[in-house]
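Participant: Numbering (UniProt numbering), first residue to last: 1 to 304.
Every residue gets a Cβ at the ideal spot worked out from N, C-alpha and C, and that includes glycine.
Sharing a structure here in C-alpha cells format.
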Amino acid sequence: MTAGQIGKKRQKPRKLAEKGFIAVIVAPAILYFGVIFYYPTIMNIYYMFCDYNLIKDPEFVGLKNIIRFFSDPLALGAFRNTFIITIVSVPVVIIAALLIGTGLSKITRGVGFFRSAIFAAYLTSLTVAAIVFKSWFGTESGFINGVLTQLGGSKIPWLSQPSTAMAIVIVLSVWKNVGYYVVVFLAGFSNVDTGLYEAAKIDGANSRKIFFSITIPQLMPTIIYSSIIAMINFLRTYSSVLVLTNGGPYSSTQTVLMYMFDQGFSSRNVGYASVISVALTLVILVLTVIQMRMSHMMDEEGAM
1 MTAGQIGKKR QKPRKLAEKG FIAVIVAPAI LYFGVIFYYP TIMNIYYMFC DYNLIKDPEF
61 VGLKNIIRFF SDPLALGAFR NTFIITIVSV PVVIIAALLI GTGLSKITRG VGFFRSAIFA
121 AYLTSLTVAA IVFKSWFGTE SGFINGVLTQ LGGSKIPWLS QPSTAMAIVI VLSVWKNVGY
181 YVVVFLAGFS NVDTGLYEAA KIDGANSRKI FFSITIPQLM PTIIYSSIIA MINFLRTYSS
241 VLVLTNGGPY SSTQTVLMYM FDQGFSSRNV GYASVISVAL TLVILVLTVI QMRMSHMMDE
301 EGAM
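Right, here's the structure in full:
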C-alpha cells in the first residue's frame, strides 16, 4: 500500500465527519422552514380545493372555492380597500420619510434625539396606537370633536362614515410607519458621496437641483427597498383597522386579512380562507417582482 493510498483512507473519515457536522448544522434550519413555512404552504394550497371547517375531515370540492372568490363582493371589496390603503400610504410614507431624513441628515447636533423621537411612533404597539386614535376621533366623546364643539362647530362622525373612516385608517398607518423609514433613509444617507454635493455647489447648483440630481439617484436603492417593504406591510393591514372600525362602516374599511380571518376562524370556511390567503400572496409576489424589475431597469439605464 502506497503512502498516497494511506492518505486517502485517512481523508475519508474526515470528509464524512465534515459532512455529518454540516448536516447537524443545517438540519434545524431545514426542519424550521419545513414546519413553519413549507408544510403550512402546501396544506394551504390543498385546502383551497376542499370544504373544511376544522371539525370534519376536508372534502374535495374542486374549483368551487375559487369560483366563489371571484363572485364574492365582500372579498373583492376587501381587496379594493386594501389596495386603497396601500396605494395612498406607500408614497406618502416614503416621501415623508425621505424629506424628514433629508432634514435630519443636515443637523449636526441632537440628531440622535430627533431620530429616537420619530422612531418612537414605530415602537408603539399598533393596538395601543389604534386605541388612542379611536379616542381622538370618537363621535360622541372624541378629543377632536370636543375641540370642534368648543369652537362652535358640529361633531363629525369620523369613524362612522366610509370616506372619513378610511382616511383615519390611512393617517394611523402613515403615522405608525414613517419613523421606521426615516431611520432607513438616514442609513442610506451614509452611503451618499458628499463630494458630489461640493462639486455641484461649485458649479452653482441650487438645493432643489442637488436634491433631485444627486440625492434621489444615490438613494434610489433605499427608496426601492423601502417601497417594497412598505407595500408588503400595508397589504397586510389588520389590527389597526380591527381596533379602529372593525371593518366598518358597511365593510368599507375591511381589509383582506380581516376577511380571511373572519372566514377561516369565525365562519370556519378554511378552504375559502385559503383561497383568499393564496390570492393575497400572489398579489404581493407579483407586485414585488414588478418593483424589482423596475429597479433593475433603472440600474441598467443609469449604467449606460
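To the nearest angstrom, how far is the alpha carbon of ILE42 from that of MET48?
Facilitator: 10 angstroms
Participant: Looking only at C-alpha atoms, which of THR82, ARG80, ILE45, LEU126 sits nearest to ILE66?
Facilitator: ILE45
Participant: Since PHE79 is in the alpha helix (DSSP H), which residue starts that stretch and which ends it?
Facilitator: 73-105
Participant: So, for SER154: in the same chain, excluding its five sequence neighbours on each side, which residues have a beta-carbon less than 8 angstroms away from its beta-carbon?
Facilitator: Sequence-distant partners of SER154 (beyond 5 residues in either direction) whose C-beta falls short of 8 angstroms from its own C-beta, in its chain, are LEU148.
Participant: Count the other CB atoms, across all protein chains shown, that sit within 10 Å of the CB of MET292; report buried if there are 16 or more and exposed otherwise.
Facilitator: exposed
Participant: From this set, ILE25, PHE37, ARG68, LEU31, which residue's C-alpha is nearest ALA273's C-alpha?
Facilitator: ARG68
Participant: When the Cα of LYS176 is compared with those of LYS134, ILE55, VAL93, which residue comes out closest?
Facilitator: VAL93
Participant: Go ahead and pull the three-state DSSP assignment for PHE49.
Facilitator: coil
Participant: What three-state label does DSSP hand PHE70 in the structure shown?
Facilitator: helix
Participant: Quickly, what does DSSP pair PHE60 with across the bridge? List them, please.
Facilitator: CYS50
Participant: Specify the secondary structure class of PRO40 as computed by DSSP and reduced to three states.
Facilitator: Helix, per DSSP.
Participant: Per DSSP, what kind of secondary structure is ILE156 in: helix, strand or coil?
Facilitator: coil
Participant: Determine whether the beta carbon atoms of ALA78 and LEU244 lie at a separation below 8 angstroms.
Facilitator: Not closer than 8 angstroms, so no.
Participant: Give the list of continuous alpha helix (DSSP H) stretches no shorter than 4 residues that lie fully inside the stretch 237-291.
Facilitator: For the stretch 237-291, whole alpha helix (DSSP H) runs of length 4 or above, ordered along the chain, are 239-244, 256-261.
Participant: Going by the CB atoms, is the gap between ASN81 and SER267 shorter than 8 angstroms?
Facilitator: no
Participant: What are the start and end residues of the alpha helix (DSSP H) that includes GLU198?
Facilitator: 194-202
Participant: Residues in the same chain with beta-carbon distance under 6 angstroms from ILE168, minus the five sequence neighbours each way, listed in chain order, please.
Facilitator: PHE137, TRP158
Participant: Whose C-alpha, out of ALA230, THR237, PHE185, is nearest the C-alpha of GLY103?
Facilitator: PHE185
Participant: Quick check on DSSP: helix, strand or coil for GLY146?
Facilitator: Here GLY146 sits in helix by DSSP.
Participant: Taking only the alpha-carbon atoms, compute the straight-line gap between ALA279 and PHE113 and give it to the nearest angstrom.
Facilitator: 42 angstroms
Participant: For GLY247, which residues in the same chain have their Cβ closer than 7 angstroms to its Cβ, ignoring the five residues on either side in sequence?
Facilitator: VAL241, THR253, GLN254, MET258
Participant: Is VAL128 buried or exposed, if buried means 16 or more other CB atoms sit within 10 Å of its CB?
Facilitator: Label assigned to VAL128: exposed.
Participant: Compute the Euclidean distance between the alpha carbons of ALA97 and TYR39, then round it to the nearest angstrom.
Facilitator: Distance from the CA atom of ALA97 to the CA atom of TYR39, rounded to whole angstroms, is 38 angstroms.
Participant: Under DSSP, the alpha helix (DSSP H) around ARG208 begins and ends at which residues?
Facilitator: Run containing ARG208: 207-210, per the alpha helix (DSSP H) assignment.
Participant: Give me the residue from ASN269, PRO221, ALA205 with the minimum Cα distance to ASP57.
Facilitator: ASN269
Participant: Could you compute how far the alpha carbon of MET231 sits from the alpha carbon of THR86?
Facilitator: 6 angstroms
Participant: Shortest alpha-carbon distance to GLY179 belongs to which of ILE100, SER105, ARG208?
Facilitator: ILE100
Participant: Output yes or no for whether 8 angstroms exceeds the beta carbon distance between SER277 and MET294.
Facilitator: no
Participant: Please list the terminal residues of the continuous alpha helix (DSSP H) segment that includes PHE234.
Facilitator: It spans 216-235 - the alpha helix (DSSP H) in which PHE234 sits, taken as one unbroken run.
Participant: Determine the direct distance from the alpha carbon of GLU140 to that of GLN150, and round the result to whole angstroms.
Facilitator: 13 angstroms
Participant: Looking only at its own chain, which residues have a Cβ that is under 8 angstroms from the Cβ of VAL225, when we skip the five neighbours before and after it?
Facilitator: In the sequence as presented, Val is not what sits at residue 225; that position holds Tyr. Taken in chain order, the residues that qualify are VAL184.
Participant: Name the residue from LEU282, ALA120, GLN263 whose alpha carbon lies nearest to the alpha carbon of VAL182.
Facilitator: That would be ALA120, whose Cα lies nearest to the Cα of VAL182.
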